[in-house]
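**Student:** I have a structure I would like to understand better, so I am pasting it below and will then ask my questions one at a time.
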């Protein structure tokens, strides 16, 4: 039998606030956001930081929902965790995607991550002005919004799992910088 108490202690030790693993749909996204909001209120997170965290969660969940690999049932699953580490909140996400999309995303992240906040802001405005919409219905603003809201670079890992698919892991830190952004 699994030692549930041990699992519970590990979650407490890691300051886990919200954790989800499985497939996403609109109702689940709304529930996860509502639960996260309630847990952050319970922890008396200031309004501005809570808003930043929720906005980043929205972007993360939308990115997973719209850009995950959906052709095989086992690849529809994702993971989302929100935790508190020292003075930062950390969002972890993971989802499957096609390797070709993973390469495009990696190139985009390698281009965006070195940019300053001002350069991110200018790229965001330029992307808005271009009005180009992807086949999935987005303009590619999600990653830019996440970086703008968090005030920090994205940490990521892409692991190939077979010849066609990869697993994308993101870590988004939301510290005191986001309160002045």
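Numbering (UniProt numbering), first residue to last: 1 to 181. Idealized CB from N, CA, C, for every residue including glycine.
1) Any idea what DSSP makes of residue 116, helix, strand or coil?
2) Can you tell me which of the three DSSP states residue 155 falls into?
3) Would you mind listing the alpha helix (DSSP H) stretches within the segment 47-122 that are 4+ residues and don't spill past its ends, in chain order?
4) Name the DSSP bridge partner or partners of residue 166?
5) When the Cα of residue 100 is compared with those of 173, 171, 167 and 20, which residue comes out closest?
6) Report the partner residues of residue 45 according to the DSSP bridge assignment.
7) With three or more beta-carbon pairs closer than 8 Å as the criterion, would you say the segment 107-124 touches the segment 88-96?
8) Of all the options 38, 157, 159 and 145, which has the alpha carbon lying nearest to the alpha carbon of residue 17?
9) Tell me the rounded alpha-carbon separation between residue 153 and residue 43.
**Tutor:** Taking the coordinates as given:
1) Reading the chain shown from its first residue, position 116 is the one you call residue 116. In this structure, residue 116 counts as coil in the three-state DSSP scheme.
2) Residue 155 sits at position 155 when you count from the first residue of the chain shown. In this structure, residue 155 counts as strand in the three-state DSSP scheme.
3) As far as the segment 47-122 is concerned, its whole alpha helix (DSSP H) runs of at least 4 residues are 47-67 and 99-112.
4) As a first step, residue 166 must be located in the chain shown, where it is residue number 166. Under DSSP, the beta-bridge partners assigned to residue 166 are 97 and 160.
5) Numbered from its first residue, the chain shown carries residue 100 at position 100. Residue 100 has its Cα closest to that of 167, out of 173, 171, 167 and 20.
6) Taking the first residue of the chain shown as 1, we reach residue 45 at position 45. Beta-bridge annotation (DSSP): residue 45 is not paired with any residue.
7) No, they do not touch.
8) For this step, residue 17 is matched to residue 17 along the chain shown. Comparing alpha carbon positions, the residue from 38, 157, 159 and 145 closest to residue 17 is 38.
9) Looking up residue 153 in the chain shown gives position 153. Looking up residue 43 in the chain shown gives position 43. Roughly 25 Å between the two C-alpha positions.
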